[in-house]
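Novice: Quick note on numbering: the sequence shown equals residues 0 to 303 in numbering that gives the first Met the number 0.
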Amino acid sequence: MEKRLWILLSRVMEAILFAMGIWNIWRAEWLWAFACFFGFLLSISPVIIKRNIHFSVHWLIEFLLVFAISLHIWGGVLHLYSLPYYDKIAHFLASAIVAFFALIAVYVIDVFSPRIHMDLVMMGFFIVIFTIAMGALWEIAEFVSDQIFSGGKPLAQISLQNTMWDLIADSIAGILMGVAGAIGIKRGEFKEILFQLSEEAKKLNSRFIEARRKAIKTLHEAMEKGEVDKKILPIVNKINSISDYYTTSSCSGRIAILEIPSVGQKRKAKFLGKWHSGIDYEDAIKALKKSSKGEIWFLVQSPI
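1) With a floor of 4 residues, list each alpha helix (DSSP H) that falls wholly inside the stretch 80 to 106, ordered by position along the chain.
2) Taking just the CA atoms, how far does arginine 186 sit from leucine 16?
3) Tell me the DSSP secondary structure of glycine 272 in three-state form.
4) Only counting the same chain, and skipping five residues up and downstream in sequence, which positions put a Cβ closer than 6 Å to that of phenylalanine 129?
5) Report the rounded CA-to-CA distance for serine 251 versus tryptophan 274, giving the unit in angstroms.
6) Under a three-way DSSP split, which group does glutamate 258 fall into?
7) Provide the residue span of the alpha helix (DSSP H) that contains serine 42, from first to last.
8) Helix, strand or coil: which one does DSSP assign to isoleucine 304?
9) If I'm right that isoleucine 72 touches glycine 38 with Cβ under 8 Å, what's the distance once you round it to whole angstroms?
10) For glycine 123, which residues of its own chain have a beta-carbon under 8 Å away from its beta-carbon, when the five flanking residues on both sides are left out?
11) With a cut-off of 8 Å on the beta carbons, I'd call alanine 168 and serine 94 a contact; round off their distance for me.
12) The ligand SAM and isoleucine 182: does the residue's C-beta get closer than 8 Å to at least one heavy atom of that ligand?
13) What does the Cβ neighbour count give for tryptophan 137, buried or exposed, with the cut at 16 atoms within 10 Å?
14) Using 8 Å as the threshold, is the stretch 36 to 53 in touch with the stretch 73 to 93, meaning 3 or more CB pairs across them?
15) When we look at the beta-carbon of glycine 19 and count the other beta-carbons within 10 Å, is it buried (16 or more) or exposed?
16) What is the rounded straight-line gap between the Cα of alanine 132 and the Cα of isoleucine 284?
17) Where does the unbroken alpha helix (DSSP H) through isoleucine 278 begin, and where does it stop?
18) Among Ser158, Cys35, Ser69 and Ala89, which residue has its Cα nearest to the Cα of glycine 134?
19) Which two residues bound the contiguous alpha helix (DSSP H) that contains glutamate 188?
20) Per DSSP, what are the beta-bridge partners of isoleucine 295 in this structure?
21) Would you call serine 249 buried or exposed, if buried means 16 or more other Cβ atoms sit within 10 Å of its Cβ?
22) Note down, in chain order, each residue of its chain lying with its Cβ closer than 8 Å to the Cβ of lysine 289, except the 5 sequence neighbours on either side.
23) Within this structure, are the beta carbons of tryptophan 31 and valine 105 separated by less than 9 Å?
24) Let me know the secondary structure DSSP gives histidine 71 once reduced to three states.
25) Hey, out of Leu8, Ser291, His78 and Phe125, whose CA is closest to alanine 98's CA?
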């Protein structure tokens with residue numbers, strides 16, 4: 000029920016953006032009409048992604064995306080920026096959302112990439128710097144828009160003081176999200192998003208593996224006939240060049256029980272037990288008694 004409510008709110012805000020675009024066309028406010036329709040397209044990008052590549056974005060990410068876009072467009076179209084502190088609140092909330100997106104992106108890369116690892120301190124530091132950088136780009140965009148659309152008259156950037164307070168709001172949001180995000184990862188707060196993205200990635204991988212199977216089958220059939228299908232060769236070469244992404248780091252055929260301190264801390268994992276042949280109930284119990292408070296992973300690695 001909660002999930003459906005947030006999805007419904009996302010759709011309502013998307014509809015409001017589209018309606019505002021039509022309203023601004025009627026008012027001949029072409030800049031804001033463009034902003035509304037562009038924001039609308041960005042906000043429905045998760046729906047477009049799902050329809051075209053069958054990858055579902057988590058409902059929370061979808062809601063936060065349209066909410067961040069709506070904050071700034073409503074501020075311009077409805078003149079909400081004239082309200083006290085609306086500009087600073089909008090900057091703070093939007094920057095916090097950007098920081099959250101950066102957190103999820105880095106977290107996913109850290110968990111699933113065998114080559115990239117960040118500890119929690121470095122992850123939090125990256126989120127803070129990334130958020131401040133995005134805030135600086137936003138201020139540059141405001142400056143450029145003033146130069147192009149208002150003939151240099153300061154509308155988006157009223158003063159240097161206004162710009163600096165915007166950057167301070169961005170920085171505070173980045174710092175808070177960096178600290179809260181690191182604590183949340185350590186406590187396992189983002190497992191739902193991580194597992195949902197993992198399941199969606201598996202769907203993409205299954206299509207890749209099926210395409211690889213068909214390509215290799217076609218090549219084998221051609222070889223059996225004493226010929227080579229030249230059209231399929233570059234496809235097979237391309238597939239083989241990235242096939243290591245889908246193999247485990249070990250192909251020795253062992254069975255292992257691991258303890259992971261928390262999701263995302265895979266490099267601090269420790270073996271509770273490992274065997275190169277079958278194990279029985281007593282072996283598993285002895286291994287599990289060595290665990291403390293981390294997550295338990297049971298791995299069976301097939302020999303090649």
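Glycine residues also receive a C-beta, built at the ideal position from the N, C-alpha and C atoms. Predicted model, so just to flag it, every value in this text is computed and none were measured.
Specialist: By the coordinates alone:
1) none
2) Residue mapping note: residue 16 aligns to position 17 of the sequence shown, counting from 1. Residue mapping note: residue 186 aligns to position 187 of the sequence shown, counting from 1. Their Cα atoms are separated by approximately 37 Å.
3) By one-based count along the sequence shown, residue 272 stands at place 273. Three-state result, glycine 272: strand.
4) Numbered from its first residue, the sequence shown carries residue 129 at position 130. The answer, listed in chain order, is Ala101.
5) Within the sequence shown, the letter at position 252 stands for residue 251. Within the sequence shown, the letter at position 275 stands for residue 274. With a pLDDT of 48 at serine 251, under the threshold of 50, the predicted position of this residue should be treated as unreliable, though the coordinate-derived value follows. Approximately 10 Å between the Cα atoms of the pair.
6) As a first step, residue 258 is located in the sequence shown; it is residue number 259 there, counting from the start. Glutamate 258 falls in the strand class under three-state DSSP.
7) In the sequence shown, counting from the first residue as 1, residue 42 sits at position 43. Serine 42 -> alpha helix (DSSP H) spans 29 to 42.
8) Limits of the chain in this structure are 0 at one end and 303 at the other, which puts residue 304 out of reach.
9) Position 73 of the sequence shown, counting from 1, holds the residue named residue 72. Position 39 of the sequence shown, counting from 1, holds the residue named residue 38. 5 Å between Cβ atoms; contact.
10) Working through the sequence shown from its first residue, we reach residue 123 at position 124. Excluding sequence neighbours, glycine 123 sits near Gly177, Val178, Gly180 and Ala181.
11) Looking up residue 168 in the sequence shown gives position 169. Looking up residue 94 in the sequence shown gives position 95. Rounded, the Cβ-Cβ distance is 7 Å, consistent with contact.
12) This structure lacks the ligand SAM; in fact it carries no ligand of any kind.
13) Within the sequence shown, the letter at position 138 stands for residue 137. Result: buried.
14) no
15) Walking along the sequence shown from the start, residue 19 turns up at place 20. Note that residue 19 is methionine in the sequence shown here, rather than glycine. Answer is buried; the Cβ neighbour count reaches 16.
16) Against the sequence shown, residue 132 aligns to sequence position 133. Against the sequence shown, residue 284 aligns to sequence position 285. Spanning the two alpha carbons is a distance of roughly 50 Å.
17) Position 279 of the sequence shown, counting from 1, holds the residue named residue 278. Careful: isoleucine 278 lies outside any alpha helix (DSSP H) and carries neither H nor E.
18) Position 135 of the sequence shown, counted from the first residue, corresponds to residue 134. Comparing Cα-Cα distances from glycine 134 to each of Ser158, Cys35, Ser69 and Ala89, the minimum goes to Ala89.
19) Counted from its first residue, the sequence shown places residue 188 at position 189. Element bounds for glutamate 188: n/a, residue is neither H nor E.
20) Position 296 of the sequence shown, counting from 1, holds the residue named residue 295. For isoleucine 295, which the question treats as bridged, DSSP gives the partners Glu258.
21) The count along the sequence shown starts at 1 and reaches residue 249 at position 250. Low per-residue confidence applies at serine 249: pLDDT is 45, beneath 50, and the placement is therefore not dependable, though the value from the model is reported in the following sentence. Serine 249 should be labelled exposed.
22) Sequence index remark: in the sequence shown, residue 289 carries index 290 (1-based). Taken in chain order, the residues that qualify are Glu258, Leu271 and Gly272.
23) The residue labelled residue 31 in the question sits at position 32 within the sequence shown. The residue labelled residue 105 in the question sits at position 106 within the sequence shown. Against a cut-off of 9 Å, the Cβ pair of valine 105 and tryptophan 31 comes out as no contact.
24) The sequence position of residue 71 within the sequence shown is 72, counting from 1. Correct three-state label for histidine 71: helix.
25) Along the sequence shown, one-based indexing puts residue 98 at 99. Looking at the Cα atoms, Phe125 is the closest of the given residues.
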